[in-house]
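Asks: Pasting a structure here, questions to come.
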Amino acid sequence: MKAAAFAYARATSVVNALELLAAHGDRAKVLSGGQSLMPAMNLRLLSPDILVDIGGLAELRGIAVSGRALVVGALTRHVDLLRSPEIALHAPLLRDAVAHVAHPAIRNRGTIGGSLAHADPASELPACVVALDATIVVRGPAGERRIAATEFFRGIYETALSSDELLVAVEMPVAGHDASFFFQEFARRHGDYAVVGLAARAVVAAGRFSDLRLGFFAVGDRPLLASAAGKLIDAPVTPALLAEATTALADELDPQEDQQASPAMRRHLAGVLLRRCVAALLARPELEAGATR
Amino acid sequence: MTVTRAPAEALSVLDRPNSYIGKTVPRPNLDRLLQGRGQYVSDLELPRMAHVVFLRSPHAHARIVAIDADAARRMSGVIAIVTGRELEAVITPWVGVLSHLKGLKSAPQHAIAVDRVCWQGEAVAAIVATSRAAAEDAMEHVSVGYEELEAVTDMRTALDPATPVIHASLGDNLAFERTLDAGDVDQALSESEVVEADFVFGRHTGVTLEPRAVVADWNAAEARLTIYQGTQAPHMVQNIAALHLGLREAQVRVICKDVGGSFGIKVHIYADEMATYALSKLLRRPVKFVADRVESFNTDIHARDHRCRGRIGVGPDGTITAFEIDDLTGIGPYSMYPRTSAIEANQVVNLVGGPYATANYRARARVVFQNKNVMCQYRAVGHPIACSVTEGLVDLAAAKIGMDPVEIRRRNLIADDAYPCASPSGMKFEQLSHHASLTKLLQMMDYDALRAEQMALRASNIHRGIGIASFIEVTNPSAAFYGVGGARISSQDGVAVRLDAQGSVICQTSITEQGQGSESLTAQIVGSVLGVSMERVRVILGDTDNTPYGGGTWASRGAGIGGEAALQAAKALRENVLKVAAAILQSTPAELDIVNDSIVNAADGAPRIELNELARTVYFRPDTLPPGIQPELMATRHFVPRQYPFAFTNGIQAAWLEVDTETGFVTLLKHWVVEDCGTIINPQLVDEQIRGGVVQGLGAALFEKCIYDERGQLTNANMADYLVPMSAEMPDIEIGHVVSPTQESELGAKGAGEAGTAGAAAAVANAVNDALRPFGAIITEIPLTPQVILTALGRI
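In structure tokens form, the structure reads like this:
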């Protein structure tokens, strides 16, 4: 389990990183936290000719609030998201989600940019940025490109990023005082990739959702912003309406079969999560029971 | 702690001032390990050492048509590329059978596959290079032509006439079959309520922290092979290596210092290890093999993978009238060497129904070949299968007649005053304590309060369950385990103890240390019996040149057998020391004692002479000793149990857990174990060994499974997809003891290594079924994954 030989370049600036990517194209891989890349290389599932290490680029670090936007640098590590007061205040969903990402050793190294660019459909942060209506900021030879999170994820390990581009930051609207969040996932062991998970942002007023964004993960080839949420917005949520939304959710999901769960089980668990989410956000525990009890 | 036998009138050799027996003392090797000074084979570097990597078959069953290694041979760093055919000239094949397992058959297995591969992961060629990375680079350039053959993967159809026979010379795919019929099962069942169920056990494996590791160093000048290997049985490795390399045992030295976990995984001889020995001889230089994690999953022995149909008969008063089982297991393409792969099924037959006084028992076990990785003995061999089937059936019987699970056990467990006695399968029990253990368990868990809590929570739709599992455990095996079947695997162990010139003690033992504390328990016994402080006792183990001959550490034998040898050796040395002391002090041995590193008066404890001074006199001023005295400050003793084939122990476990009936996820809340391993030498080591065992059992219950597809491909051979139990999911595990020492040794210690693993899965499965009782769902399959539970609940 030794990686095949590869060249290594430590980028001195974003510009330098882009030059290296331009020079090597598909044969290069960007090394950020390395928590997915290095195991894949050691298993020889990936054999890039060159690693472009962006770990030294201070310009990609940091969490800042700029107007109504929260800007998180691509090199921000999971542990920083977990501990940052700005994240806790403006995007608590990220903090809640990161607690479920692997284990401390991995969170100390892994970065948000790496996680988003890797685009594992079962990982937490892609679903969070979809739920938070975030914008992915990338730089390439032609300059900066801003991509809506909902447009960024294209499939298993596939994104809108091209091989000569670098993900530099993620921007999201700061949480309004009326926003509430929900994060829950089902994993066989704490820290494992989820069997099914849900990251949600909502605005609740007078017992109704005036906004609800449901970012499901591990239910398809990319994080899914569930349309079923629409049924619950600006309507009195009754058990019958929730059941209807659950059915709609099951219809729009196209889950994959793997060793943890069949598609039917994923549909079922997504429905459980939807009910638990709605019950929690509306503070109406009786809604959680659903049709199965 | 409950002691079931009154202490003897006289003080034993263990009841001495400052005795370490029964005390939690720090393990002498802790500092060494914590400071990174462990001697693990993985870390070993020798001059001129080469590294071998094995190119492994991607197919479960295929003919090897051609191997082209020309390009790879020319690559930088490559020393040799060796095929099975080429290695045959150095090492002979083997057949994993034992004569006492009547009818067991297997086919010759080669160190590297010759002509045909029989499982995905079998080695096809060895690439030897100056580094592991260089060897892996070269491996990508070795091309092998395969002609795929039909793979036999499903054990249920392995014996069908339409299924291909893996080894034509054997005639069929049946490796072993055993039947047993005791009492009158048909009669008993005809007069009882009968419940039956199919129990399914997933294939899993041991996942040691340090993978299997070998450095073989053939020294042509001495015509000797030194094998550094993380193994549980150095003398067995010596014997097998010599046998197949055409050497005398004296030409092979096996060194085994620290081992990063074994669990039975490292008590076998693997083909790639044999190949490494042979490559060193062939290439006349040290060769290192360390399995990587993927190789470990594909080649470390797997275990369990049983399907067992069980029936139980029960009377209206709760009397269990009969057990009947029909067990089927698939073991891969070869019976493992040299302990064979029939032992687990054989144990299942031996152990089912074991805790109960039921005389009627019928069993059949069949062991079949298949094109998957080899299966063999892993911690608690056969016990979890037997315990889960037995205890699952007992709970089903209780439910059938509406009796509490505790009550049915109370009515059927063998009475504590019924010993010695034997089970219907012929297992001889010296002294067990099922009822005392049950009573203690109920106290520890506050059973009645827990039942009340369970009932109360059900009302608020929270579903918790209590599961109980009694078990018996095979420990201290005599020659009955392997020796009588022709295996050169020693069941006796030896210990040599000597006093050095400053009154310190050097102790050489044939048992080995894999982290469970063999070194500590040996030092504790020797220090206590001799009267010297533990700091003065140095224990040497794991070197066939420098320890007495013995079996090693497996099957819970280290403390019971190796510990007794240490006790007897220390006693003998003590006698010798006191003889010399009496001569020096013009006294008699009976009037003297050794306490705190000094010779003292037995009567009043007054110090007479320090051991340091005695040793100085013996070694440097023997001229001052009275004439005719020849001191022997070294003593060696060996021990093997003769009266009982195994020192059976017993225990009982309970699980308390919650099932989320919407998601199928299980949360373990608490686990209890009461166990009776006889004399406890170091309570902390015993408790932690039991906890570790429980965790492995909980892994089997909820998480661990080697998932093969229908073509014989292992699809989860990595730490992300193969779920080992981890701390966050583990409950607190509370442990209590009942102590029934074996009378077969002065030490009285039985084993404790299997206890935790033996009953944990059974307790969890019973608890899950207890939790699901309001839903009428019964699950008799492990691992109990959310998918399995949701399916049983009809949710998906």
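Chains as they are written, first to last, in this note's numbering: chain U, 802 to 1094; chain Y, 31 to 826. We put the beta carbon where it would ideally sit given N, CA and C, even for glycine.
Whose Cβ in chain Y lies nearer than 8 angstroms to the Cβ of U/His1069?
Replies: Within the first sequence, the letter at position 268 stands for residue 1069 of chain U. The answer, in chain order, is Leu820, Arg825, Ile826.
Asks: Beta-carbon of U/Val1073 versus every beta-carbon of chain Y: anything under 9 angstroms?
Replies: Locating residue 1073 of chain U in the first sequence gives position 272, counting from the first residue. Yes - at least one Cβ of chain Y is within 9 angstroms of the one on U/Val1073.
Asks: Quick check: is the beta carbon of Y/Asn390 nearer than 9 angstroms to any beta carbon in chain U?
Replies: If you number the second sequence from 1, residue 390 of chain Y lands on position 360. So, not an interface residue.
Asks: Starting from Y/Val127, trace the beta strand (DSSP E) in both directions and tell me its first and last residue.
Replies: Against the second sequence, residue 127 of chain Y aligns to sequence position 97. Neither: Y/Val127 is in no beta strand (DSSP E) and is coded neither H nor E.
Asks: Below 8 angstroms on the Cβ atoms is my guess for U/Ile913 versus U/Ala875; work out the distance and round it to an integer in Å.
Replies: In the first sequence, counting from the first residue as 1, residue 913 of chain U sits at position 112. In the first sequence, counting from the first residue as 1, residue 875 of chain U sits at position 74. Confirmed, about 7 angstroms.
Asks: Is there at least one Cβ from chain U nearer than 9 angstroms to Y/Val324's Cβ?
Replies: Counting from one through the second sequence, the residue named residue 324 of chain Y turns up at place 294. True, the Cβ-Cβ gap to chain U drops below 9 angstroms.
Asks: Alpha helix (DSSP H) containing Y/Phe695: first to last residue?
Replies: Residue mapping note: residue 695 of chain Y aligns to position 665 of the second sequence, counting from 1. Element bounds for Y/Phe695: n/a, residue is neither H nor E.
Asks: Using a Cβ-Cβ cut-off of 6 angstroms (strictly less than) and excluding sequence neighbours within five positions of Y/Ala822, which residues of its own chain qualify?
Replies: Numbered from 1 along the second sequence, position 792 holds the residue referred to as residue 822 of chain Y. For Y/Ala822, where only same-chain residues beyond five positions count, the Cβ hits under 6 angstroms are Ala807, Ile809.
Asks: Using only the alpha-carbon positions, how far apart do Y/Tyr649 and Y/Arg566 sit?
Replies: In the second sequence, the residue the question calls residue 649 of chain Y occupies position 619. In the second sequence, the residue the question calls residue 566 of chain Y occupies position 536. Each residue's Cα considered, the two are about 18 angstroms apart.
Asks: So, at 7 angstroms on beta carbons, what are the nonlocal neighbours of Y/Ala110 in its own chain, with the 5 sequence-adjacent residues on each side left out?
Replies: Residue numbering aside, residue 110 of chain Y sits at position 80 when the second sequence is read from its first letter. Answer for Y/Ala110: Val158, Leu313, listed in chain order.
Asks: Looking only at C-alpha atoms, which of Y/Arg409, Y/Val436, Y/Asn48, Y/Asn442 sits nearest to Y/Glu503?
Replies: The residue given as residue 503 of chain Y occupies position 473 in the second sequence. The shortest Cα separation from Y/Glu503 among Y/Arg409, Y/Val436, Y/Asn48, Y/Asn442 belongs to Y/Arg409.
Asks: Can you give me the Cβ contacts of U/Pro840 inside the same chain, cut-off strictly under 8 angstroms, excluding the 5 residues immediately before and after it?
Replies: Position 39 of the first sequence, counting from 1, holds the residue named residue 840 of chain U. Excluding positions up to five away in sequence, the list is empty.
Asks: Here's the rule: buried if 16 or more other CB atoms are within 10 angstroms of the residue's CB, otherwise exposed. What is Y/Ile361?
Replies: Here residue 361 of chain Y corresponds to residue number 331 of the second sequence, with the count starting at 1. Y/Ile361 should be labelled buried.
Asks: Report the neighbours of Y/Leu753 on chain U: residues whose CB is nearer than 8 angstroms to its CB, in chain order.
Replies: Counting from one through the second sequence, the residue named residue 753 of chain Y turns up at place 723. What Y/Leu753 touches in chain U: Arg989, Arg990, Asp993.
Asks: Can you give me the start and stop residues for the alpha helix (DSSP H) that Y/Ser833 sits inside?
Replies: Chain Y is shown only over 31 to 826; residue 833 of chain Y falls outside these bounds and no answer can be derived.
Asks: Who are the near neighbours of U/Ala769 in its chain, counting only those whose CB is closer than 8 angstroms to its CB and skipping five residues on each side?
Replies: This structure cannot speak to residue 769 of chain U, because chain U is shown only from 802 to 1094.
Asks: With a cut-off of 8 angstroms, do at least 3 Cβ pairs link the segment 378 to 395 of chain Y to the segment 448 to 456 of chain Y?
Replies: yes
Asks: By the criterion of Cβ-Cβ separation under 7 angstroms, what are the contact partners of U/Met802 in chain Y?
Replies: On the first sequence, position 1 is the one that residue 802 of chain U refers to. In chain order: Asp322, Arg323, Val324.
Asks: For the 8 angstroms Cβ check, are there 3 or more pairs between the segment 356 to 372 of chain Y and the segment 110 to 121 of chain Y?
Replies: no
Asks: Report yes if the C-beta distance between Y/Ser508 and Y/Phe676 is below 9 angstroms; otherwise report no.
Replies: Mapped onto the second sequence, residue 508 of chain Y falls at position 478. Mapped onto the second sequence, residue 676 of chain Y falls at position 646. Going by C-beta atoms, Y/Ser508 is nearer than 9 angstroms to Y/Phe676.
Asks: I need the straight-line Cα distance from Y/Arg672 to Y/Gly276, nearest angstrom please.
Replies: Indexing the second sequence from 1 puts residue 672 of chain Y at position 642. Indexing the second sequence from 1 puts residue 276 of chain Y at position 246. The alpha-carbon atoms of Y/Arg672 and Y/Gly276 are separated by roughly 33 angstroms.
Asks: In chain Y, which residues lie with their C-beta within 9 angstroms of the C-beta of U/Gln1057?
Replies: For the purposes of this step, residue 1057 of chain U is taken as residue 256 along the first sequence, with counting starting at 1. The contacting residues do not exist; U/Gln1057 stays about 14 angstroms from chain Y at best.
Asks: For Y/Tyr827, report the span of its alpha helix (DSSP H) as first-last.
Replies: Nothing about residue 827 of chain Y can be read from this structure; chain Y reaches only from 31 to 826.
Asks: Sorted by chain position, which residues of the same chain lie with C-beta nearer than 6 angstroms to Y/Ile737's C-beta, five sequence neighbours on each side aside?
Replies: Indexing the second sequence from 1 puts residue 737 of chain Y at position 707. So the list reads Thr745, Asn746, once near-sequence residues are dropped.
Asks: Give every residue of the same chain whose Cβ lies closer than 7 angstroms to the Cβ of U/Ala1081, excluding the five residues on either side of it in the sequence, and list them in chain order.
Replies: The residue given as residue 1081 of chain U occupies position 280 in the first sequence. Only Phe983 meet the Cβ criterion.
Asks: Under 8 angstroms between beta-carbons, which chain A residues line up against Y/Thr745? List them in chain order, please.
Replies: No chain A appears in this structure, whose protein chains are U and Y.
Asks: With 9 angstroms as the threshold, decide whether the Cβ of Y/Thr815 is near any Cβ in chain U.
Replies: Position 785 of the second sequence, counted from the first residue, corresponds to residue 815 of chain Y. Cβ-Cβ to chain U under 9 angstroms: yes for Y/Thr815.
Asks: Put Y/Tyr408 into one of helix, strand or coil per three-state DSSP.
Replies: In the second sequence, the residue the question calls residue 408 of chain Y occupies position 378. Y/Tyr408 falls in the coil class under three-state DSSP.
Asks: To the nearest angstrom, report how far apart U/Ala804 and U/Leu847 are at their CA atoms.
Replies: Walking along the first sequence from the start, residue 804 of chain U turns up at place 3. Walking along the first sequence from the start, residue 847 of chain U turns up at place 46. Spanning the two alpha carbons is a distance of roughly 9 angstroms.
Asks: Using a 10 Å radius around the Cβ and a threshold of 16 neighbouring Cβ atoms, would you call Y/Lys735 buried or exposed?
Replies: Here residue 735 of chain Y refers to the residue found at position 705 of the second sequence. Its Cβ being crowded by 16 or more others within 10 Å, Y/Lys735 is buried.
Asks: Looking only at its own chain, which residues have a Cβ that is under 6 angstroms from the Cβ of Y/Thr583, when we skip the five neighbours before and after it?
Replies: Your numbering for residue 583 of chain Y matches position 553 in the second sequence. Contacts found: Gln262, Ile541, Thr542, Ser548.
Asks: By how many angstroms is the C-alpha of U/Gly915 removed from the C-alpha of U/Ala980?
Replies: For this step, residue 980 of chain U is matched to residue 179 along the first sequence. For this step, residue 915 of chain U is matched to residue 114 along the first sequence. Looking at the two C-alpha atoms, the distance is approximately 27 angstroms.
Asks: Once DSSP output is grouped into helix, strand and coil, what is the label at U/Arg940?
Replies: Counting from 1 along the first sequence, the entry for residue 940 of chain U is found at position 139. The answer is strand: DSSP assigns U/Arg940 an E or B state.
Asks: Nearest-angstrom Cα distance between U/Arg828 and U/Pro849?
Replies: On the first sequence, position 27 is the one that residue 828 of chain U refers to. On the first sequence, position 48 is the one that residue 849 of chain U refers to. Computed Cα separation, rounded: 5 angstroms.
Asks: Can you give me the C-alpha to C-alpha distance between Y/Val284 and Y/Ala301, rounded to a whole angstrom?
Replies: On the second sequence, position 254 is the one that residue 284 of chain Y refers to. On the second sequence, position 271 is the one that residue 301 of chain Y refers to. If I take the Cα positions, the gap works out to 17 angstroms.
Asks: Spatial neighbours of Y/Val514 within its chain, please: C-beta separation below 6 angstroms, excluding the five flanking residues on both sides.
Replies: Residue numbering aside, residue 514 of chain Y sits at position 484 when the second sequence is read from its first letter. Cβ within range, chain order: His130.
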